[in-house]
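Residue 860 in my numbering is what sits at position 261 of the sequence shown, and the numbering runs on without skipping anything.
The C-beta atom is built at its ideal place from N, Cα and C for all residues, glycine as well.
Taking it in order: structure first as structure tokens, then the write-up.
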Amino acid sequence: MDFYVILLICRQLVLNRKQAEEMTCVFIDSLRLASTPEALTDCIEALNEHLIHYPSCKAIIWKEKIAVSMLRQRKNYKHNQELQTALRETLALIGYADPVKGCGIRVLSIDGGGTRGVVPLQILKLLEDQTGKKIHQLFDYICGVSTGAVLAFMLGLARFSIEECADMYRRFGSEVFRQNPLVGTVKMGWSHSYYNTETWETILRVLIKTARDFFSPKVSAVSTVVNWGTSPKAFVFRNYNHKPGSLSRYAGGSGYQMWQAVRASSAAPGYFQEFTLENDIHQDGGITLNNPCAVAVHESHLLWPNQDFQCVLSLGTGRYDSAKKGPATSTSLRAKISNLICSATDTEGVHTLLDDLLAPDVYFRFNPMLSSDVSLDENRPQALDQLHRDTQNYLERNQPKLARLCLVLSAERSVIRRTKDWFSERAWEMKQRLM
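Laid out in structure tokens, this is it:
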């Protein structure tokens, strides 16, 4: 039977584990029989769709030594862009990661914070200006939560410029957070969302496009699943998978559209409706991890277990600490709830831990102190202008630290290290063939 017919049948059925594994073997046989680049591309695209629906079948790909065959085909057909694109997706789906391009792993983590996302944008703009490289060229792994997830996917995968991202945030404030208080209150009671969720989804669908590109870094977005037991659980949307046996501490997957990942990660309770995806109810990732840097370090270590970290950059969206000391009396219920929320969404605890564990010339954290408390739905021009000024003043004071960061990020992999990579890859291929 033609494998296109098989694929069509599979789309209509939900396969059990044994059937899915048998289908994987059928696709593998088709790959081995493909005699032209065009036929090979068709087979690989079909296999990719199968792996998206049945990710556990990646173990069979490794068992049958197809990964080595694909790497060989990638070299043999390096000028066939259609085949290269399909192969890159397959390798990502089975958990293969190419060696990092720098001296070690370069990680970017971006906190949540609504319209305060303009803060990390200012910092990233300086990085691009001072290094002469785009963000997707500077990092091997980019992770974000909520507004940070928007930036991670836009800069890392969709390849928007910093200016385009800034324009998006202007739209974000003026279109999404523009709400009549009476209408917002009614919506809050009816759907538990104060703002227009439909407008937010429309913006995401337009902005986020799928990209399968050699230069794209590994990217992830963190959401919170609230219907798994008694406590919320972090969920990681990935544009990659891990190898069989490399188990992440965090639940997640790669078989989703990018707009779904960002929508789930930014479903802030009380602002946007929660997002249901495959029977899981997702809310803003900031509920569990408003600073996703520890997730980024963990995930990237699984991808490149034998590599040291060259740079871990953690970007906050600004913080405000009132100098006023409250009276020594019992706090109100509202204050208790506010303190609880602040504790749950704290970003500095993760920073303190990583600052202790990672070397000072590896770990960098930028999180400006703000002159006023800026809510995640702030859309007043004067308040946003002040946010910009606060960030600019902070960056001017921290110029030496920025200069050190740019120096660390710009360090390239040496010729000796690239030679070692080549020998390691050949040794790995030989080992795979002998297994």
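Beta-carbon proximity list for residue i, same chain, < 6 Å, skipping 5 on both sides
| i | result |
| --- | --- |
| residue 636 | 676, 679 and 682 |
| residue 985 | none |
| residue 808 | Only weak support exists for where residue 808 lies, its pLDDT of 35 falling under 50; the value from the coordinates is given anyway. Closer than 6 Å at the Cβ level, and outside the excluded window around residue 808, lie 757. |
| residue 759 | 753 |
| residue 648 | none |
| residue 623 | 656 and 659 |
| residue 887 | 823, 831 and 833 |
| residue 711 | 744, 745, 746, 747, 885 and 889 |
Sequence-distant residues of its chain with Cβ nearer than 8 Å to residue i (five each side left out)
| i | result |
| --- | --- |
| residue 814 | 735 and 736 |
| residue 935 | Unreliable placement is indicated for residue 935, whose pLDDT of 45 sits below 50; no coordinate value is reported for it. |
| residue 729 | 1001, 1002 and 1005 |
| residue 918 | 946, 947, 966, 967, 968 and 969 |
| residue 854 | 651, 652 and 654 |
| residue 642 | 602, 626, 629, 630 and 633 |
| residue 725 | 994 and 1001 |
| residue 953 | 892, 893, 896, 911, 913, 962 and 964 |
7 Å CB neighbourhood of residue i in its chain, flanking five on each side removed
| i | result |
| --- | --- |
| residue 1024 | none |
| residue 709 | 719, 743, 747, 750, 751 and 914 |
Closest Cα partner of residue i within the set the options
| i | options | result |
| --- | --- | --- |
| residue 877 | 888, 645, 863 and 1009 | 863 |
| residue 671 | 840, 686, 658 and 971 | 686 |
| residue 1068 | 724, 993 and 838 | Past the boundaries of the shown model lies residue 1068; the chain is included only from 600 to 1034, so the question cannot be answered. |
| residue 1005 | 975, 962 and 971 | 962 |
| residue 740 | 970, 982 and 911 | 911 |
| residue 996 | 982, 1019, 972 and 966 | 966 |
| residue 825 | 846, 874 and 840 | 874 |
| residue 880 | 994, 690 and 832 | 832 |
| residue 901 | 844, 909 and 1022 | 844 |
| residue 847 | 908, 895 and 865 | 895 |
| residue 1045 | 762, 898, 745 and 893 | Nothing in the structure corresponds to residue 1045, since the chain is present only between 600 and 1034. |
| residue 656 | 639, 689, 673 and 1029 | 689 |
| residue 993 | 618, 669 and 721 | 721 |
| residue 692 | 830, 841 and 827 | 841 |
| residue 713 | 907, 908, 646 and 884 | 884 |
| residue 764 | 732, 977, 723 and 731 | 723 |
| residue 617 | 659, 644, 646 and 640 | 659 |
| residue 835 | 828, 920 and 850 | 850 |
| residue 964 | 761, 893, 767 and 882 | 893 |
| residue 909 | 640, 1009, 1021 and 684 | 1009 |
| residue 1007 | 899, 819, 646 and 738 | 738 |
| residue 890 | 907, 951 and 872 | 951 |
| residue 820 | 977, 852 and 982 | 852 |
Helix, strand or coil at residue i [DSSP, three-state]
| i | result |
| --- | --- |
| residue 987 | helix |
| residue 982 | helix |
| residue 850 | strand |
| residue 695 | coil |
| residue 630 | helix |
| residue 881 | strand |
| residue 839 | coil |
| residue 1019 | helix |
| residue 637 | helix |
| residue 1011 | strand |
| residue 758 | coil |
| residue 957 | coil |
| residue 678 | coil |
| residue 662 | helix |
| residue 1026 | helix |
| residue 993 | helix |
| residue 618 | helix |
| residue 613 | coil |
| residue 899 | helix |
| residue 792 | At residue 792 the pLDDT is 38, less than 50, meaning the model places this residue with poor confidence and gives no usable figure here. |
| residue 670 | helix |
| residue 844 | coil |
| residue 866 | coil |
| residue 1006 | helix |
| residue 977 | coil |
| residue 752 | helix |
| residue 654 | helix |
Opposing strand residues paired with residue i [DSSP bridges]
| i | result |
| --- | --- |
| residue 704 | 908 |
| residue 742 | 708 and 819 |
| residue 598 | Because residue 598 is not part of the residues shown, which for the chain are 600 to 1034, the question remains open. |
| residue 913 | 708 and 964 |
| residue 876 | 879 |
| residue 918 | 968 |
Within-8 Å CB hit, residue i to chain C
| i | result |
| --- | --- |
| residue 894 | Checking the listed chains, one finds no chain C in this structure; it contains a single protein chain. |
Counting pairs of Cβ atoms below 8 Å between the segment 954-963 and the segment 691-701, do you hit three or more? The segment 954-963 makes no contact with the segment 691-701; the number of CB pairs closer than 8 Å stays below 3.
Tell me, please, whether the segment 984-993 touches the segment 1009-1021 by the rule of three or more beta-carbon pairs shorter than 8 Å. By the criterion of at least three beta-carbon pairs nearer than 8 Å, the segment 984-993 is not in contact with the segment 1009-1021.
Counting pairs of beta carbons, one from the segment 715-725 and one from the segment 854-865, are three or more of them closer than 8 Å? The segment 715-725, when compared against the segment 854-865, does not touch it at the 8 Å Cβ threshold.
Taking contact to mean 3 or more Cβ pairs, one atom from each stretch, closer than 8 Å, check whether the segment 701-712 and the segment 663-676 are in contact. No, they do not touch.
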